[in-house]
Amino acid sequence: MASRDFQVVPREIPPEFQVRVVAGAIAVLVAFLLLGARLWLLQVVHGPEMRSLSENNRIRLVRVPAARGVVYDRHGEILVDNRPAFDVVFVPEDAHDRRRVLRNVAAYLDESETAVHQMLHAPTKRPPYEGIVLRRDLDWRGVVALETHQLELPGVSVQVGPRRYYPFGPLAGHLLGYVGEVSESELKDGASDFRAGDLVGKASLEKSWDAELRGIPGGQQVEVDALGRRMRVLQEVPDVPGSTLTLTLDRDLQEAAERALGDAAGAIVALDPRNGEILVMVSHPAFDPNVFSRGIRPEEWRALVQDRLRPLNNRAVQGQFPPGSTFKMVVATGALEEGAVTATTGVSCSGGVQFGNHFFRCWKKGGHGGVNLHRAIVESCDVFFYQVGQRLGVDGIAETSPGSPARRSRWRSARATSPRRRSRWRR
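Here the sequence shown is numbered in the working numbering, starting from 177 and rising by one per residue.
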């Protein structure tokens, strides 16, 4: 059988196909060049920035507020304490559609969307990825509503923290004061230990002793997921609670004094005459400091400032009242020091005394009869002190009154020259 030789004749590539191949190769090369340039830009040029954003997206530094110091009365009874509270915190960087998230939060909390947006657009500047408190002291129903719909609320979390608690409500409210969120002016004063959202003392004891009661906040390094939800705590610096404070106030006496005052507007102050310690300080009408610690609402603030009885005023230290019979002791002391009377000086009280064109009556109709200094003090005879005051004179009363320069000078001289005082200096 004869064999046949086959010859392969090469086919000629059409010119238009060659153009397409070259164009495709150039396109692939350009694509790889662009991809390489982009990778170089991201990894080399913007590498540190991208790395920082990636770490912030995965690891957060969370500030942990410290519990404020507890306040006790003289017998160790708690007057001011702390309790756990739930706060709604929002990190805007974790939410792509902030408006929708805030709309959902307002719906679940039964609040207006405007109020929630106002909290978000507060004028206080904040670092990136730092949470904004949308609602303080959330009730259990609100906690359940937000935790149940967590997937619909990226960037929203419920955090537990200490909240100032006044277990007896208005009891000694003017003396204890209240706390509130740090203001813009306080942040601008240069206090580096203040951060936006911190609670600080705003009045009375809470304000005067704020540095000691505030404590030192701690911190946590927290790993979060793509929705900003906490996964685990990587590292933690514990907070340091504030110092405890013990007052000279007696809670039982304070309650008794407030019951005695009842619904009347006024003040009661009781001091220990041996050392000047304040045992009772009552001012009525009072207010509940708890409404400030949880965040006072606008309508509650308006009710307080528009009340004609002015419950925010501490009548014990801010009010101006006639001294009444308490000033009789000043007149008696001054008269004894100036020699205007002695312990045996007697005066006849017939129920009043005539001075000029006015007849000044004694509180006891018919008078006390003959009284000396001791009996006049015991029975608070007005006529006796009218006449003693006339003997002492206006200038004598002014000089012997508490707070007068002459009175303070004599008090210092008496203390400096007393044997007990000199012996203390020698020791």
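For each residue, glycine too, the CB sits at the ideal point set by N, CA and C.
Boundaries of the alpha helix (DSSP H) in which residue i is found, first to last residue
i      : result
Gln496 : Note, Gln496: premise wrong, no alpha helix (DSSP H); not H, not E.
Gly471 : Careful: Gly471 lies outside any alpha helix (DSSP H) and carries neither H nor E.
Pro191 : 191-216
Glu513 : 504-514
Phe536 : Premise fails: Phe536 lies in the beta strand (DSSP E), 534-537, not in any alpha helix (DSSP H).
Gln559 : Looking at the sequence itself, residue 559 is Val, so the reference to Gln does not match. Where Val559 is concerned, the enclosing alpha helix (DSSP H) stretches over 558-576.
Arg484 : Arg484 -> no alpha helix (DSSP H), and no H or E assigned at all.
Leu429 : 427-437
Val281 : 274-285
Arg450 : It is not in any alpha helix (DSSP H) - Arg450 carries neither H nor E in the DSSP assignment.
Cys389 : The identity of residue 389 in the sequence shown is Leu, whereas the question assumes Cys. 386-390 is the extent of the alpha helix (DSSP H) around Leu389.
Ser288 : Counting along the chain, Ser288 falls outside any alpha helix (DSSP H), and DSSP gives it neither H nor E.
Glu362 : 360-364
Leu347 : From DSSP, Leu347 is part of no alpha helix (DSSP H); its letter is neither H nor E.
Contact with chain C by residue i, beta-carbon distance below 9 angstroms
i      : result
Ser333 : Of the chains in the structure shown, none is chain C; there is only one protein chain.
Selected residue, minimal CA-CA separation from residue i, among the options
i      : options                        : result
Phe535 : His550, Thr521, Ala243, Val559 : Val559
Ala433 : Leu347, Cys525, Ile308         : Leu347
Arg317 : Asp286, Val292, Phe344, Leu310 : Asp286
Ala479 : Arg470, Ala462, Ser469         : Ala462
Glu431 : Ser459, Ser524, Pro414         : Ser459
Pro465 : Glu360, Ala372, Pro498, Gly353 : Gly353
Trp385 : Gly394, Met407, Leu351         : Leu351
Gln530 : Arg408, Asp273, Val281, Tyr562 : Tyr562
Gly569 : Gly528, Gly510, Glu555, His544 : Gly510
Leu237 : Thr502, Ala516, Gln194, Glu399 : Glu399
Gly337 : Gly394, Tyr284, Ile553         : Gly394
Leu389 : Val416, Pro343, Arg408, Ala372 : Val416
Thr518 : Arg567, Gly471, Ala203         : Arg567
Val240 : Gly345, Phe370, Gln496, Pro474 : Phe370
Exposed unless 16 or more other CB atoms sit within 10 angstroms - verdict on residue i
i      : result
Arg597 : With a pLDDT of 39 at Arg597, under the threshold of 50, the predicted position of this residue should be treated as unreliable, and no value is reported.
Asn533 : exposed
Gly452 : exposed
Val358 : buried
Arg602 : For Arg602, the predicted structure reports a pLDDT of 34, less than 50, and the residue's modelled location is therefore unreliable. The matter cannot be settled from this model.
Thr576 : buried
Lys378 : buried
Leu310 : buried
Lys504 : buried
Gly542 : exposed
Pro191 : exposed
Asp315 : exposed
Pro260 : exposed
Leu410 : exposed
Met457 : buried
His544 : buried
Gly500 : exposed
Leu278 : buried
Arg244 : buried
Phe344 : buried
Leu375 : buried
First and last residue of the uninterrupted beta strand (DSSP E) at residue i
i      : result
Ala443 : 442-447
Ala519 : From DSSP, Ala519 is part of no beta strand (DSSP E); its letter is neither H nor E.
Glu357 : 355-357
Gly377 : 375-377
Leu237 : 235-240
Leu310 : 308-311
DSSP beta-bridge partners of residue i
i      : result
Cys525 : Gly545
Ser605 : Since the first and last residues shown for the chain are 177 and 603, residue 605 lies out of range.
Ser459 : Ala443
Val413 : Gly395
Gln326 : According to DSSP, which records beta bridges pairwise, Gln326 is partnered with nothing at all.
Leu421 : Val247
Gln219 : None, per the DSSP bridge assignment.
Tyr341 : Asp257
Arg408 : Glu399
Tell me whether the stretch 486-493 and the stretch 433-443 touch, counting them as touching only if at least three CB pairs, one residue from each stretch, are closer than 8 angstroms.
yes
Pairing CB atoms from the stretch 252-271 with CB atoms from the stretch 320-331, are three or more of them under 8 angstroms?
yes
If you pair each beta-carbon of the stretch 211-226 with each one of the stretch 301-320, do three or more pairs fall below 8 angstroms?
no
Meets three-Cβ-pair contact criterion under 8 angstroms: the stretch 419-426 and the stretch 244-257:
yes
State whether the stretch 196-213 contacts the stretch 379-399, with contact taken as three or more CB pairs (one from each stretch) at a distance under 8 angstroms.
no
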